[in-house]
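S.K.: Handing you this structure, nothing more for now.
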Amino acid sequence: MNLSDKITVVTGAASGIGKATAKAFAEVGGMVYMGDLNEENGEKVAEELRAAGGKATFIRLDITDDASIAGFKDQIIGESGRLDVLANVAGWGHTEFFAQSAPADWDKEIDINLKGPMKMCHAFVPGMFEQNYGRIVNVSSDAGRVGSLAESVYAAAKGGQIAFTKALAREAARYKVAVNCICPGPTETPLLADTAENIQEALKKAIPMRRFGQPNEIADAILFFACERSSYCTGQVLSVSGGLTMVD
């Protein structure tokens, strides 16, 4: 797989799946613009990638803020002139039964997990259409495909992201822009580490492979949709979950 001469963006790139994705893109020749709220970690990761021979730049990014997205886009277009690959990896969630949840938390989960990726696409899709090339990979969740206990709002937002992926793929195909979606199962990330230990153990027992995913395993799937190996794929949803969900 090869991203030589491709200009790429990875959101949520300071840790977890986003960090692994930035590394995967850099290793195959992509110029990686890394976006995240965590400036300290983001700069550290970018330096690690450059030290390994990759091309990486960190830019602070809040995917829920229009001005932040505009500044992020302006720097990328100013430096590189275009964007070829957009990987919307940033996400946030927590476990809470719906009856006890607060609407303020609904807004946060929907803003980050649904509206954030939509805003990023809205910023960069016109340029992709104009250049007649682009790859967009949205990272959703199996919770958005089959539901998840104590994650009603998160599942709703991630399910919306899946539907958005399919609808945008139909609009974008005529411009040679592919839009696909990865649905990770439980993966060893900071988000999972914040989950109660008893819930983690129950999740692990439910996975046929009897283990959690590693960030690099999700990143490899994202890389597939980002490169030419997936040239005839668009509007697709791929679960990477150790067999936790087997959806037709």
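Start counting the sequence shown at 17; every next residue gets the next number (our numbering).
All C-beta atoms, glycine included, are put in the ideal place defined by N, C-alpha and C.
How big is the Cα-Cα spacing for R161 and G175?
M.R.: Here residue 161 refers to the residue found at position 145 of the sequence shown. Here residue 175 refers to the residue found at position 159 of the sequence shown. For R161 and G175, the distance between alpha carbons rounds to 6 Å.
S.K.: To the nearest angstrom, how far is it from the Cα of A173 to the Cα of P142?
M.R.: Reading the sequence shown from its first residue, position 157 is the one you call residue 173. Reading the sequence shown from its first residue, position 126 is the one you call residue 142. Cα-Cα distance, rounded: 24 Å.
S.K.: Between the Cα of F41 and those of K22, R186, E59, spot the shortest distance and give me the residue it belongs to.
M.R.: On the sequence shown, position 25 is the one that residue 41 refers to. Selected option, being the one with the closest Cα: K22.
S.K.: Are the region 226-236 and the region 177-188 touching, with three or more C-beta to C-beta distances below 8 Å?
M.R.: As far as the Cβ criterion goes, the region 226-236 does not touch the region 177-188, which means the pair count is below three.
S.K.: Quick check for students: name the residue ranges of the alpha helix (DSSP H) that lie wholly in the region 133-189, counting only runs of 4 or more.
M.R.: Listed in chain order, the complete alpha helix (DSSP H) runs (minimum 4 residues) inside the region 133-189 are 159-162, 168-188.
S.K.: Mind checking P202: buried by the 16 CB within 10 Å criterion, or exposed?
M.R.: Within the sequence shown, the letter at position 186 stands for residue 202. When all chains shown are included, P202 counts as buried.
S.K.: Can you give me the Cβ contacts of L239 inside the same chain, cut-off strictly under 6 Å, excluding the 5 residues immediately before and after it?
M.R.: Position 223 of the sequence shown holds residue 239. Counting only Cβ-Cβ distances below 6 Å, and skipping sequence neighbours, we find M17, A40.
S.K.: Residue range of the beta strand (DSSP E) that G58 falls in?
M.R.: Your numbering for residue 58 matches position 42 in the sequence shown. That residue, G58, is in no beta strand (DSSP E); its alpha helix (DSSP H) goes 55-67.
S.K.: Taking the alpha carbon of Y191 as the point to measure from, which residue in A171, D52, F145 has its own alpha carbon closest?
M.R.: If you number the sequence shown from 1, residue 191 lands on position 175. Among A171, D52, F145, the Cα nearest to that of Y191 belongs to F145.
S.K.: My output table needs one value for R245: the three-state DSSP class, helix, strand or coil.
M.R.: Taking the first residue of the sequence shown as 1, we reach residue 245 at position 229. Looking at R245 - three-state DSSP - the assignment turns out to be helix.
S.K.: Taking the DSSP output, what are the residues bridged to T27?
M.R.: To locate residue 27, count along the sequence shown from 1; it is residue 11. Bridge partners of T27: G51.
S.K.: Nearest CA to the CA of A171: which residue from L102, L53, I126?
M.R.: Taking the sequence shown and counting its residues from 1, the one referred to as residue 171 is at position 155. Comparing Cα-Cα distances from A171 to each of L102, L53, I126, the minimum goes to I126.
S.K.: So, is D264 buried or exposed, given that buried needs 16 or more other C-beta atoms within 10 angstroms?
M.R.: Against the sequence shown, residue 264 aligns to sequence position 248. Flag for D264 reads exposed.
S.K.: Could you give the residue range of the beta strand (DSSP E) that holds I198?
M.R.: Taking the first residue of the sequence shown as 1, we reach residue 198 at position 182. Here the beta strand (DSSP E) through I198 covers 193-200.
S.K.: For A38, name the three-state secondary structure that DSSP assigns.
M.R.: Translated into positions along the sequence shown, residue 38 becomes position 22. In the structure shown, A38 sits in a helix (DSSP, three-state: H, G or I).
S.K.: So who's on the other strand from K71, going by DSSP bridges?
M.R.: Counted from its first residue, the sequence shown places residue 71 at position 55. M47.
S.K.: Cutting at 8 Å between CB atoms, please list the residues of its own chain near P224, excluding the five before and the five after it.
M.R.: By 1-based counting over the sequence shown, the position of residue 224 is 208. G258, G259, L260, listed in sequence order.
S.K.: May I have the straight-line CA-CA distance separating K71 from F114, to the nearest angstrom?
M.R.: As a working mapping, residue 71 is identified with position 55 in the sequence shown. As a working mapping, residue 114 is identified with position 98 in the sequence shown. So the alpha carbons of these two residues sit roughly 43 Å apart.
S.K.: Using 8 Å for Cβ pairs, my map puts I79 next to G150. What's the rounded Cβ distance?
M.R.: On the sequence shown, position 63 is the one that residue 79 refers to. On the sequence shown, position 134 is the one that residue 150 refers to. So it is not a contact: roughly 18 Å between Cβ atoms.
S.K.: Assuming L77 and T37 make a contact with CB atoms under 8 Å, what is their CB distance in whole Å?
M.R.: Locating residue 77 in the sequence shown gives position 61, counting from the first residue. Locating residue 37 in the sequence shown gives position 21, counting from the first residue. Actually they do not touch by this definition, with Cβ atoms about 14 Å apart.
S.K.: Taking contact to mean at least 3 C-beta pairs separated by less than 8 Å, is the region 152-167 in contact with the region 102-120?
M.R.: Yes, they touch.
S.K.: For S247 and A194, I'd like the C-alpha separation in whole angstroms.
M.R.: As a first step, residue 247 must be located in the sequence shown, where it is residue number 231. As a first step, residue 194 must be located in the sequence shown, where it is residue number 178. Cα to Cα, the separation comes out at about 8 Å.
S.K.: If you follow the alpha helix (DSSP H) that N214 is in, where does it begin and where does it stop?
M.R.: One-based indexing of the sequence shown puts residue 214 at position 198. Run containing N214: 213-222, per the alpha helix (DSSP H) assignment.
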